[in-house]
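So in our numbering, spot 4 of the sequence shown is number 4, and the numbers just go up one at a time. Below is one structure, written out as structure tokens; the observations come after it.
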Amino acid sequence: MRTLIFGVLFLAAFLLGSVPFGIIIAKIKGVDLKKVGSGNIGATNVLRSIGKWPAAITLCGDILKGTLAVAFARYFEAGPAWEGLIGISAILGHNFSVFLGFRGGKGVATSLGVLMIYSPLAAFLTLIIWLAVVVLTKYSSLGALISFALLPLNVFLFDTGDKEKALITLLIAVIIFLRHRENIQRLLKGTERKIGHRI
């Protein structure tokens, strides 16, 4: 029965993660987010294409998806491994939304939302590192890559040395890097857009 419940939670997390807040908010503003800027559905492209407040709402919505997924898992006493996997399901839902033909975003905000419940200190450190890199370089993607590259180490060092959580967060970091392949190429070529750059 518990396995069935966790399976339902896994599916529900994927569907929750699939909700494309950026697309919805942009549509309200009369903008097709997939056809402007980078074409990404996340807050960074909303910021470039529409403005600060729509981007802030998108960011909060995308974070909340990850937070709720892990919170529900914890409510049903899923345990750290299942909590992490259910959180990853929400991230994958954002990245491969069923409402967008299994296309989606990069998963940074939703991953941060997962961490807020799963490993709050690691979430805080990830956010601080991301902010520091963005302030210094103005590249949101570089901030994500560096902060999530350090995530498993931060979890291992500062979350009671939990190897299980470190493994889960390593998987999250791998997903982030895979979804940022094009950004990595643009960073290497010097053609990556800086944060706040309007189209």
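Note that the Cβ used here is the ideal one computed from N, Cα and C, for glycine as well.
Residue i to residue j, Cα distance in whole Å?
{"i": "Phe10", "j": "Ala78", "result": "11 angstroms"}
{"i": "Tyr75", "j": "Ala12", "result": "14 angstroms"}
{"i": "Phe99", "j": "Leu16", "result": "11 angstroms"}
{"i": "Gly51", "j": "Leu112", "result": "22 angstroms"}
{"i": "Thr110", "j": "Thr67", "result": "8 angstroms"}
{"i": "Asn40", "j": "Arg2", "result": "37 angstroms"}
{"i": "Val114", "j": "Ile128", "result": "16 angstroms"}
{"i": "Met116", "j": "Leu64", "result": "10 angstroms"}
Name the residue from the options whose alpha carbon lies nearest to the alpha carbon of residue i.
{"i": "Ala26", "options": "Ser18, Pro54, Val8", "result": "Pro54"}
{"i": "Phe14", "options": "Leu4, Glu83, Ser89", "result": "Ser89"}
{"i": "Lys35", "options": "Ile23, Ala43, Ile28", "result": "Ile23"}
{"i": "Phe124", "options": "Asp159, Lys189, Ile28, Leu92", "result": "Asp159"}
{"i": "Thr169", "options": "Val31, Glu83, Gly42", "result": "Glu83"}
Per DSSP, what kind of secondary structure is residue i in: helix, strand or coil?
{"i": "Ser119", "result": "coil"}
{"i": "Val19", "result": "coil"}
{"i": "Leu150", "result": "coil"}
{"i": "Ser141", "result": "helix"}
{"i": "Phe76", "result": "coil"}
{"i": "Ser38", "result": "coil"}
{"i": "Val174", "result": "helix"}
{"i": "Glu192", "result": "coil"}
Would you list the one or two residues that DSSP bridges to residue i?
{"i": "Ser97", "result": "Arg103"}
Can you round the beta-carbon distance between residue i and residue j to whole angstroms, since I take them to be within the 8 angstroms contact cut?
{"i": "Asn154", "j": "Ala122", "result": "5 angstroms"}
{"i": "Gly93", "j": "Ser38", "result": "With a Cβ gap of about 20 angstroms, Gly93 and Ser38 do not count as contacting."}
{"i": "Tyr139", "j": "Leu85", "result": "In fact, because the Cβ distance is near 30 angstroms, the residues do not count as touching under 8 angstroms."}
Would you say residue i reaches chain D, if we count a Cβ-Cβ gap shorter than 8 angstroms as a contact?
{"i": "Pro120", "result": "This model lacks chain D altogether; it includes just one protein chain."}
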